[in-house]
Amino acid sequence: MRNWFGLFWRACLTTILVVIVLAPAPLWYRYRYVEGKRFRVVADGVLYRAGQMTAAGLREAIERYGIRTVINLQHESPDPLLPEHWLGRGVIRESELCQQMGARYIVLTPDILPPDNRLDQIPPAVEEFLGIMDDERNYPVLLHCRAGLHRTGRLTAIYRMEYENWSVGEALRELRANGYGFMAASEADDFVVQFIQNYRRRAERNPPVAPYPRKVSESW
Numbered sequence: 002m003r004n005w006f007g008l009f010w011r012a013c014l015t016t017i018l019v020v021i022v023l024a025p026a027p028l029w030y031r032y033r034y035v036e037g038k039r040f041r042v043v044a045d046g047v048l049y050r051a052g053q054m055t056a057a058g059l060r061e062a063i064e065r066y067g068i069r070t071v072i073n074l075q076h077e078s079p080d081p082l083l084p085e086h087w088l089g090r091g092v093i094r095e096s097e098l099c100q101q102m103g104a105r106y107i108v109l110t111p112d113i114l115p116p117d118n119r120l121d122q123i124p125p126a127v128e129e130f131l132g133i134m135d136d137e138r139n140y141p142v143l144l145h146c147r148a149g150l151h152r153t154g155r156l157t158a159i160y161r162m163e164y165e166n167w168s169v170g171e172a173l174r175e176l177r178a179n180g181y182g183f184m185a186a187s188e189a190d191d192f193v194v195q196f197i198q199n200y201r202r203r204a205e206r207n208p209p210v211a212p213y214p215r216k217v218s219e220s221w
């Protein structure tokens with residue numbers, strides 16, 4: 002009987018220790034996921050990508066990586082209210098936070114063109130994005146949408162193809178690997194077709210392709 006009780010209490014103690022050690026892990030993962038929503042390095046010192054972070058997460062990214070330009074791709078939320086932390090009170094507009102941190106704040110709307118567009122026409126957001134990336138004074142740049150998967154992934158693919166000479170296949174593989182989805186990253190998605198599969202590096206265009214004219218919204 003004593004043996005049984007000894008084994009029982011040992012098992013209880015082991016269970017308690019396991020809970021104490023492992024319980025914080027999911028909470029820590031959730032904290033990091035929300036605070037720094039899918040933050041990734043695309044090209045160190047040049048381009049970073051993420052989803053919509055908290056105010057604390059965005060401040061940390063700007064401070065740690067010296068971000069000078071923040072590009073928001075959310076047409077539905079051009080100046081979102083950021084919660085201060087994952088758990089806690091307080092909110093701040095993203096543009097206001099960037100102004101406080103000395104970062105340029107730009108809103109791009111990565112829409113596709115009408116169904117009858119020609120293959121040599123490029124969505125306006127592509128040329129707007131390239132115009133920003135052509136100017137090294139904007140570096141480092143942080144590119145983000147809500148989830149950090151689709152809109153951010155497509156413009157990251159443009160960066161890879163234009164500045165790093167990646168092929169369409171390489172850009173699509175990275176797109177899928179970072180959560181876009183295998184089936185979605187195909188010709189079934191008009192966004193993928195117009196932004197990636199139809200894209201040609203500017204050096205290969207003859208004559209140069211002119212995008213639809215549109216103004217970029219920005220603030221300091």
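All you need for our numbering is the position in the sequence shown, starting with 1, plus 1.
Just so it is clear, CB atoms sit at the ideal spot from N, CA and C, and this is done for glycine as well.
Quick caveat, the model's predicted, so the values are computed rather than measured.
Check, Outcome
"Sub-9 Å separation of R60 and G149 beta-carbons", "no"
"Identity of the residue in R69, R202, M54, N179 nearest Y103 by Cα", "One detail in the question is off: residue 103 reads as Gly in this sequence, not Tyr. The option with the nearest alpha carbon to G103 is R69."
"Residues that P84 bridges to, as DSSP identifies them", "V92"
"Alpha helix (DSSP H) segment containing T153, residue limits", "152 to 164"
"Minimum C-alpha distance to K38 - residue among F130, L144, I133, R201", "L144"
"Distance between A57 and I93 (C-alpha atoms, nearest Å)", "10 Å"
"Proximity below 9 Å, CB of L176 to CB of V194", "no"
"Enclosing alpha helix (DSSP H) for R201 [first to last residue]", "It is not in any alpha helix (DSSP H) - R201 carries neither H nor E in the DSSP assignment."
"Cβ neighbour criterion (16 or more within 10 Å) applied to E77", "exposed"
"Option nearest D222 by Cα separation, candidates L48, T153, V42, F40", "Residue 222 lies beyond the residue range present for the chain, which begins at 2 and ends at 221; the question has no answer from this structure."
"Residue from E129, R138, R201 with nearest C-alpha to G46", "R138"
"Limits of the unbroken beta strand (DSSP E) element including R147", "Where R147 is concerned, there is no enclosing beta strand (DSSP E), given that its DSSP letter is neither H nor E."
"Whole-angstrom distance between N207 and E36, CA atom to CA atom", "44 Å"
"Y140 versus Y200: straight-line alpha-carbon distance, rounded", "23 Å"
"Own chain residues within Cβ distance below 6 Å of C99, not counting five before or after", "V71, Y106"
"Residue burial classification, V108 (beta-carbon count within 10 angstroms, cutoff 16)", "buried"
"Between the CA atoms of I197 and E128 - distance to the nearest angstrom", "13 Å"
"For G182, the nearest candidate out of I113, P124, R155 (CA to CA)", "R155"
"With 16 other Cβ atoms within 10 Å as the buried cut-off, status of V142", "buried"
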